[in-house]
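Student: Residue 254, in my numbering, is where the sequence shown stops; the numbers in between run on with no holes. The structure under discussion is supplied below as structure tokens; questions concerning it will follow.
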Amino acid sequence: MQHPVTAPPIPERIRTLAAAAAPTHVSFAGAARPAAPVRGGVDGTGRPVLLVRPGDPLYGARDEPAVTVDLVASRRLGGHEAARGLLKVQGWAQAVPAAEAREAAVAIAGHCPDEALFDVLEDLAAPAGGGRPEGTGAPRLLRVDVGQVVYLAGGESGVIDAEDYLRAVPDPLSDPAERMLAHVNDAHREQLTDALCSLLGAPVREVWLWELDRYGATVRHGADRPALVRLPWSAPVACARSLEHAVHGLLCHR
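So, in structure tokens, the structure goes:
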């Protein structure tokens with residue numbers, strides 16, 4: 001008897017987290033200096049893209065130094081943010097080619113809008129020299145050529161090599177799933193709590209919909225030591241409408 005798939009394959013799950021994550025720190029391989037704060041986003045292929053300014057440790061980097069970029073995906077639960085997953089992308093920092101700079105800037109703007117992104121694009125479009133005052137420079141866009149990804153998510157940890165990570169794609173239903181998840185947490189937590197009590201046969205509190213995908217839902221409950229409960233669908237869903245029906249069935253469970 002074939003058992004149903006209850007969760008996304010790990011590479012898909014990590015790519016889905018990466019697509020919603022933001023870079024927080026970068027460190028140089030083998031260097032004694034501490035990790036430095038960094039701003040940026042993740043492009044459509046899963047590579048971290050960093051906005052670096054004059055004075056940042058990476059600003060003057062040449063020869064594609066080996067780096068580790070920390071990505072954090074979080075979930076807003078009421079008035080606070082809770083980390084969904086931590087990814088450490090290890091690879092080599094390289095300048096974003098001028099022809100791809102606009103696309104990279106858009107990837108960053110989705111996570112951290114910053115007027116410095118316009119400075120980057122204006123500088124790339126300017127003639128050589130650009131007329132900038134001596135001793136100043138425009139911010140730069142760097143991206144990470146992925147070597148491997150270390151992940152910690154939902155109590156699971158591991159390492160994914162570059163080929164598996166880059167070959168995977170985020171959950172195709174992630175956009176509608178996030179909208180549905182936000183709606184449930186905003187308007188239907190009481191129903192979700194009742195459903196989880198019924199499923200577990202025990203009282204629960206501080207219940208939130210934590211993850212939602214084509215294979216099932218993950219529900220978080222508890223305050224001081226929250227636990228995660230995976231609730232798979234009877235079969236993977238293939239479209240947003242089917243996912244909505246599955247969520248409705250979960251909320252109506254008695």
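Each residue gets a CB set at the ideal place from its N, CA and C atoms; glycine is no exception.
1) Closest to L86 by CA distance: which of A73, E115, L77, G79 is it?
2) Check whether the Cβ atoms of L166 and T45 sit closer than 8 Å, and answer yes or no.
3) Does the Cβ-Cβ distance between Y215 and P8 come in under 8 Å?
4) Given that a residue counts as buried once 16 or more other Cβ atoms are within 10 Å of its Cβ, and exposed if not, what is E163?
5) Given this structure, state the Cα-to-Cα distance separating A235 from E244, to the nearest angstrom.
6) In terms of DSSP beta bridges, what is E115 paired with?
7) Kindly identify the DSSP beta-bridge partner or partners of S74.
8) Considering only the beta carbon of each residue, do A99 and L121 sit closer than 8 Å?
9) Check this for me: beta carbons of A240 and P170, under 8 Å apart or not?
10) Could you check which residue in A202, M180, W208, L199 has the C-alpha nearest to that of R189?
11) Between which two residues does the beta strand (DSSP E) holding R230 run?
12) Output the boundary residues of the alpha helix (DSSP H) element that contains T6.
13) Alpha carbon to alpha carbon, how far is L181 from A31? Give it in angstroms, no decimals.
14) Does Y59 come out as helix, strand or coil in the three-state DSSP assignment?
15) Mapping DSSP to helix, strand and coil, what is L200?
16) Taking 6 Å as the limit between beta carbons, can you name the residues of its chain near G255, skipping five residues before and five after?
17) Return the Cβ separation of P97 and A116 in integer angstroms, given the expectation that the two are a contact with Cβ distance under 8 Å.
18) Tell me whether T45 sits in a helix, a strand or coil according to DSSP, three-state version.
19) From G201 to G222, what distance separates their C-alpha atoms?
20) For A93, which of E206, L77, D63 has the nearest alpha-carbon?
21) Determine the contact status of I14 and V149, defining contact as a CB-CB distance below 8 Å.
22) Rounded to whole angstroms, what is the Cα-Cα separation between A109 and K88?
23) Which one or two residues does DSSP pair with Q191 in a beta bridge?
24) Quick one: what does DSSP say P23 is sitting in, helix, strand or coil?
Tutor: Per the coordinate set shown:
1) Numbered from 1 along the sequence shown, position 86 holds the residue referred to as residue 86. Nearest C-alpha to L86 among A73, E115, L77, G79: A73.
2) As a first step, residue 166 is located in the sequence shown; it is residue number 166 there, counting from the start. As a first step, residue 45 is located in the sequence shown; it is residue number 45 there, counting from the start. Cβ distance < 8 Å, so L166 and T45 count as in contact.
3) For the purposes of this step, residue 215 is identified with residue 215 of the sequence shown, where counting begins at 1. For the purposes of this step, residue 8 is identified with residue 8 of the sequence shown, where counting begins at 1. Yes, Cβ-Cβ distance for Y215 and P8 is below 8 Å.
4) For the purposes of this step, residue 163 is identified with residue 163 of the sequence shown, where counting begins at 1. By the neighbour-count rule (16 or more Cβ atoms within 10 Å), E163 is not buried but exposed.
5) Counting from 1 along the sequence shown, the entry for residue 235 is found at position 235. Counting from 1 along the sequence shown, the entry for residue 244 is found at position 244. Our two residues, A235 and E244, have alpha carbons roughly 14 Å apart in a direct line.
6) Counting from one through the sequence shown, the residue named residue 115 turns up at place 115. Answer is none; E115 lacks a bridge partner.
7) Position 74 of the sequence shown, counted from the first residue, corresponds to residue 74. Bridge partners of S74: A83.
8) Here the question's residue 99 lines up with position 99 in the sequence shown. Here the question's residue 121 lines up with position 121 in the sequence shown. Taking 8 Å as the Cβ cut-off, A99 and L121 do not qualify as a contacting pair.
9) Here the question's residue 240 lines up with position 240 in the sequence shown. Here the question's residue 170 lines up with position 170 in the sequence shown. No, the Cβ-Cβ distance between A240 and P170 is not below 8 Å.
10) Mapped onto the sequence shown, residue 189 falls at position 189. Out of A202, M180, W208, L199, W208 has the C-alpha closest to the C-alpha of R189.
11) Looking up residue 230 in the sequence shown gives position 230. 227-232 is the span of the beta strand (DSSP E), which, as asked, contains R230.
12) On the sequence shown, position 6 is the one that residue 6 refers to. According to the DSSP assignment, T6 belongs to no alpha helix (DSSP H), since it is labelled neither H nor E.
13) Looking up residue 31 in the sequence shown gives position 31. Looking up residue 181 in the sequence shown gives position 181. Near 41 Å, if we compare the C-alpha coordinates of L181 and A31.
14) Within the sequence shown, numbered from 1, the residue matching residue 59 stands at position 59. When DSSP states are grouped into helix, strand and coil, Y59 belongs to the coil group.
15) Taking the sequence shown and counting its residues from 1, the one referred to as residue 200 is at position 200. Here L200 sits in helix by DSSP.
16) Past the boundaries of the shown model lies residue 255; the chain is included only from 1 to 254, so the question cannot be answered.
17) By 1-based counting over the sequence shown, the position of residue 97 is 97. By 1-based counting over the sequence shown, the position of residue 116 is 116. Contact between P97 and A116 does not hold, since their C-beta atoms are separated by about 19 Å, which reaches or exceeds 8 Å.
18) Within the sequence shown, residue 45 is the residue found at index 45, counting from 1. Shown here, T45 sits in coil according to DSSP, grouped into three states, outside any helix or strand.
19) The residue given as residue 201 occupies position 201 in the sequence shown. The residue given as residue 222 occupies position 222 in the sequence shown. The straight-line gap separating the alpha-carbon atoms of G201 and G222 is approximately 15 Å.
20) Numbered from 1 along the sequence shown, position 93 holds the residue referred to as residue 93. From the listed residues E206, L77, D63, the smallest Cα separation to A93 is found for D63.
21) Within the sequence shown, the letter at position 14 stands for residue 14. Within the sequence shown, the letter at position 149 stands for residue 149. Yes; because the gap between Cβ atoms is below 8 Å, this pair is in contact.
22) Locating residue 109 in the sequence shown gives position 109, where the first residue counts as 1. Locating residue 88 in the sequence shown gives position 88, where the first residue counts as 1. Approximately 21 Å, taken between the alpha carbons.
23) In the sequence shown, the residue the question calls residue 191 occupies position 191. Within the DSSP secondary-structure output, Q191 pairs in no beta bridge.
24) Indexing the sequence shown from 1 puts residue 23 at position 23. Looking at P23 - three-state DSSP - the assignment turns out to be strand.
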